[in-house]
Amino acid sequence: MRFSDSPNQLQFFLRERTKELTALHKTARLMQDDSRPIADLLAEVVVLLPPAWQYPEVTAARISIGGLDIKTPEFRGSPWMMSAEIQIIGGEPGSIEVVYLEERPDSVEGPFLAEERELIESLAEMLRNYLQHRLAIEEIKKANDNLERLVQERTLELSTTNAALQSQILEHERAQQEIVAYQKQLRKLAAELSLSEARDRRAIASDLHDHIGQALAFIRMKVSGFRGETVFCGFEESTSEILALLDQTIQYTRTLTFQISPPVLYELGLGASLDWLAEQFIKKHHFQVETIIPRNIGRLPEEIEVFAFRSVQEILTNAVKHAKANRVQIKLGLAANNLEITAEDDGIGFTPRQADSASIDGGFGLFSIRERLTHLGGSILIDSAPGRGARLILKIPFAPETRQQ
Ligand SMILES: Nc1ncnc2c1ncn2[C@@H]1O[C@H](COP(=O)(O)OP(=O)(O)OP(=O)(O)O)[C@@H](O)[C@H]1O
Ligand SMILES: [Mg+2]
784 MRFSDSPNQL QFFLRERTKE LTALHKTARL MQDDSRPIAD LLAEVVVLLP
834 PAWQYPEVTA ARISIGGLDI KTPEFRGSPW MMSAEIQIIG GEPGSIEVVY
884 LEERPDSVEG PFLAEERELI ESLAEMLRNY LQHRLAIEEI KKANDNLERL
934 VQERTLELST TNAALQSQIL EHERAQQEIV AYQKQLRKLA AELSLSEARD
984 RRAIASDLHD HIGQALAFIR MKVSGFRGET VFCGFEESTS EILALLDQTI
1034 QYTRTLTFQI SPPVLYELGL GASLDWLAEQ FIKKHHFQVE TIIPRNIGRL
1084 PEEIEVFAFR SVQEILTNAV KHAKANRVQI KLGLAANNLE ITAEDDGIGF
1134 TPRQADSASI DGGFGLFSIR ERLTHLGGSI LIDSAPGRGA RLILKIPFAP
1184 ETRQQ
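For what it's worth, our numbering labels the leading residue of the sequence shown as 784, then goes sequentially.
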């Protein structure tokens, strides 16, 4: 537009620019919506083109891009064509074409105005930006969908693994419960075994005493009865030998009877039997054994007395075998519902960790005491270290009503 232009020219100029601006404005509005299908949007844009050109009545348009070919109904090939490329990064090139279906007077670019060239380029640029933007959104959506699918797959995988783990844990817990039940049964069995062993021992000891012991005493009486007469028949020496042999056997039977099952335990109870046991150790092993036993100990349930006696016997044997002790003290303490045995020696000591569980090379004594105590609901505490002697504290519970004063 120039100042020298006539009013008519001016009017023409303004009308054309208004048409172009309308096309640009409407296209821009359409492009604000990201959600509609691209083909629908292009169909609306393509019909905005003919009215924006100088001769709308003979104008047709086409937009083609990425497999889409959208045109106004009259569009066909024409020698009067203006086009602009739409170049999308990573996509196939497309184009906008505007044609005059009939010849019109020449202008700047054939029959087309310079402003129309600018308009078509602007529209191509707008479409390029819009399509690029839509492409990016689609990529993001695709990536999102992919991610979601992966998350779902992974979640499914994890929940499968989780279910497998849960069932493994259940299995493990079941196995654990079975082991605990077995342990309980084994402890019960061991307790029953040791009680029945004590009963068997007592029966054997009684048999030894009542039958063999009595028979031997009777034989001795008989043999010594005819001893005087053997002087005359020259058997005196042999008779004396027989008598000496009988004395030895009687003594041996008595000792064996006590060893198998000390009657003192059943007849006089735990206190007296521990005193007797201490004496045996002093006599046999020549070391000091001191017992501290409360006066009011009375009688405890047989199971407890037998177990306590056998435990002290094992502890004293260990003191002889391992501790090389000079002195051992055994102290009993009685509370309302448990018996406490404290055994202390001045020997070489040991590291209890190695001793309190059964191992391939370890012994059975302390392990068995611990197991029996666990069965009875009691406990054992071993306080020792190499070079420091050893102190063992056994707590043996019993029902108070089973105690006899
Ligand atoms: N009073 C002690 N002083 C030093 N070491 C001890 C004492 N008591 C036990 N030990 C150590 O603890 C280990 C385990 O003792 P435990 O009575 O269980 O088995 P053991 O005496 O070796 O064999 P078992 O009792 O079966 O004949 C012993 O081998 C010994 O090394
Ligand atoms: Mg032992």
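Beta carbons are placed, not taken as given, at the ideal position from N, Cα and C, and that holds for glycine.
ask   = Comparing alpha-carbon positions, which option in Lys809, Ala826, Arg1155, Tyr913 lies nearest Leu1177?
value = Your numbering for residue 1177 matches position 394 in the sequence shown. The closest CA to that of Leu1177, considering only Lys809, Ala826, Arg1155, Tyr913, is found on Arg1155.
ask   = Since Leu1083 contacts Phe1181 with CB under 8 Å, what's their CB separation in whole angstroms?
value = Taking the sequence shown and counting its residues from 1, the one referred to as residue 1083 is at position 300. Taking the sequence shown and counting its residues from 1, the one referred to as residue 1181 is at position 398. Indeed they touch by this definition, with Cβ atoms about 6 Å apart.
request  = Just tell me which of Leu1159, Ala1119, Phe795 has its CA closest to the CA of Glu1184.
outcome  = Working through the sequence shown from its first residue, we reach residue 1184 at position 401. Comparing Cα positions, the closest option is Ala1119.
request  = Using only alpha-carbon positions, find the residue among Arg982, Ser861, Ala1027 that is nearest to Met1004.
outcome  = Numbered from 1 along the sequence shown, position 221 holds the residue referred to as residue 1004. Ranking Arg982, Ser861, Ala1027 by Cα distance to Met1004 puts Ala1027 first.
inquiry  = With DSSP as the reference, identify every bridge partner of Leu1244, one or two as the case may be.
reply    = Nothing about residue 1244 can be read from this structure; the chain reaches only from 784 to 1188.
Local Cβ density within 10 Å of Phe1147, reported as buried at 16 or more and exposed below that = If you number the sequence shown from 1, residue 1147 lands on position 364. For Phe1147, the number of other beta carbons within 10 angstroms of its own is below 16, and it is reported as exposed.
task = Rank Ala998, Ser1044, Ser942 by C-alpha distance to the C-alpha of Asp983 and give the top, closest one.
result = Start at 1 with the first residue of the sequence shown, and residue 983 comes out as number 200. It is Ser1044.
message = Given 7 Å as the limit, tell me if His1069 has its C-beta closer than that to any heavy atom belonging to ligand 1.
response = Taking the first residue of the sequence shown as position 1, residue 1069 is located at position 286. Every heavy atom of ligand 1 is 7 Å or more from the Cβ of His1069, so no.
inquiry  = Taking 7 Å as the cut-off, is the beta-carbon of Leu1149 closer than that to any non-hydrogen atom of ligand 1?
reply    = Locating residue 1149 in the sequence shown gives position 366, counting from the first residue. Yes, the beta carbon of Leu1149 sits closer than 7 Å to at least one heavy atom of ligand 1.
task = Please name the residue or residues paired with Asp852 in a DSSP beta bridge.
result = As a position in the sequence shown, residue 852 is number 69, starting the count at 1. Here Asp852 is bridged, per DSSP, to Ser847.
Residue burial classification, Pro790 (beta-carbon count within 10 angstroms, cutoff 16) = Here residue 790 refers to the residue found at position 7 of the sequence shown. Pro790 sits exposed, since fewer than 16 C-beta atoms from the chains shown fall within 10 Å of its C-beta.
Coil, strand or helix - Ile1080 by DSSP = Position 297 of the sequence shown, counting from 1, holds the residue named residue 1080. When secondary structure is reduced to three states using DSSP, Ile1080 falls in the helix class.
task = Measure the CB-CB distance between Gln891 and Trp863 and report whether it falls below 8 Å.
result = Numbered from its first residue, the sequence shown carries residue 891 at position 108. Numbered from its first residue, the sequence shown carries residue 863 at position 80. Per the sequence presented here, residue 891 reads as Val, with Gln not at that position. No, these two residues do not count as a Cβ contact at 8 Å.
key: Ser1021 (DSSP reduced to helix, strand or coil)   = Residue numbering aside, residue 1021 sits at position 238 when the sequence shown is read from its first letter. Helix at Ser1021.
key: Residue nearest to Ser1094 in terms of C-alpha spacing, selected from Asn1109, Leu1115, Lys1107   = Sequence index remark: in the sequence shown, residue 1094 carries index 311 (1-based). That would be Leu1115, whose Cα lies nearest to the Cα of Ser1094.
Distance, Leu832 Cα to Ala897 Cα = Stepping through the sequence shown from its first residue, residue 897 is reached at position 114. Stepping through the sequence shown from its first residue, residue 832 is reached at position 49. Rounded to whole angstroms, Ala897 and Leu832 show a C-alpha spacing of 16 Å.
task = Starting from Lys1114, follow its DSSP beta bridges and name the residues at the other end.
result = As a working mapping, residue 1114 is identified with position 331 in the sequence shown. Beta-bridge pairing links Lys1114 to Ile1075, Thr1125.
ask   = Using the C-alpha atoms, what's the distance from Leu978 back to Arg985?
value = If you number the sequence shown from 1, residue 985 lands on position 202. If you number the sequence shown from 1, residue 978 lands on position 195. Arg985 and Leu978 have their C-alpha atoms roughly 11 Å apart.
ask   = Does the beta-carbon distance from Ile1025 to Leu999 come in below 8 Å?
value = Here residue 1025 corresponds to residue number 242 of the sequence shown, with the count starting at 1. Here residue 999 corresponds to residue number 216 of the sequence shown, with the count starting at 1. Not closer than 8 Å, so no.
key: Candidates Leu933, Ile1087, His1158: closest to Gln968 by CA position   = If you number the sequence shown from 1, residue 968 lands on position 185. Cα-wise, what sits closest to Gln968 is His1158.
key: Three-state class that DSSP yields for Gly877 in the structure shown   = Here residue 877 is taken as the residue at index 94 of the sequence shown, counted from 1. In this structure, Gly877 counts as strand in the three-state DSSP scheme.
message = Less than 8 Å between the beta carbons of Ile1179 and Asn1101, yes or no?
response = Sequence index remark: in the sequence shown, residue 1179 carries index 396 (1-based). Sequence index remark: in the sequence shown, residue 1101 carries index 318 (1-based). Not closer than 8 Å, so no.
ask   = Comparing the CB of Lys1104 with every heavy atom of ligand 3, is any distance shorter than 7 Å?
value = Because ligand 3 does not appear in the structure shown, any question about it cannot be addressed here, the ligands present being ligand 1 and ligand 2.
task = Quick one: grab the DSSP three-state call for Thr842.
result = If you number the sequence shown from 1, residue 842 lands on position 59. Per DSSP, reduced to three states, the secondary structure at Thr842 is strand.
ask   = Cβ-heavy atom distance between Thr1134 and ligand 2 below 7 Å?
value = Looking up residue 1134 in the sequence shown gives position 351. Within the chosen limit of 7 Å, ligand 2 does not reach the beta carbon of Thr1134 with any heavy atom.
request  = Pull up the distance between the alpha-carbon of Glu1097 and that of Gly1172, whole angstroms please.
outcome  = Your numbering for residue 1097 matches position 314 in the sequence shown. Your numbering for residue 1172 matches position 389 in the sequence shown. It is roughly 16 Å from the alpha-carbon of Glu1097 to the alpha-carbon of Gly1172.
inquiry  = Is the separation between the beta-carbon of Gly1130 and that of Ala1168 shorter than 8 Å?
reply    = As a first step, residue 1130 is located in the sequence shown; it is residue number 347 there, counting from the start. As a first step, residue 1168 is located in the sequence shown; it is residue number 385 there, counting from the start. No, the Cβ-Cβ distance between Gly1130 and Ala1168 is not below 8 Å.
task = Count the other CB atoms, across all protein chains shown, that sit within 10 Å of the CB of Leu793; report buried if there are 16 or more and exposed otherwise.
result = The residue labelled residue 793 in the question sits at position 10 within the sequence shown. Looking at its Cβ environment, which holds fewer than 16 other Cβ atoms inside 10 Å, Leu793 is exposed.
message = Check for me: the beta strand (DSSP E) holding Ser866 runs from which residue to which?
response = As a first step, residue 866 is located in the sequence shown; it is residue number 83 there, counting from the start. Ser866: member of the beta strand (DSSP E) spanning 863-869, first to last residue.
ask   = Is DSSP giving Glu892 helix, strand or coil here?
value = Counted from its first residue, the sequence shown places residue 892 at position 109. Here Glu892 sits in strand by DSSP.
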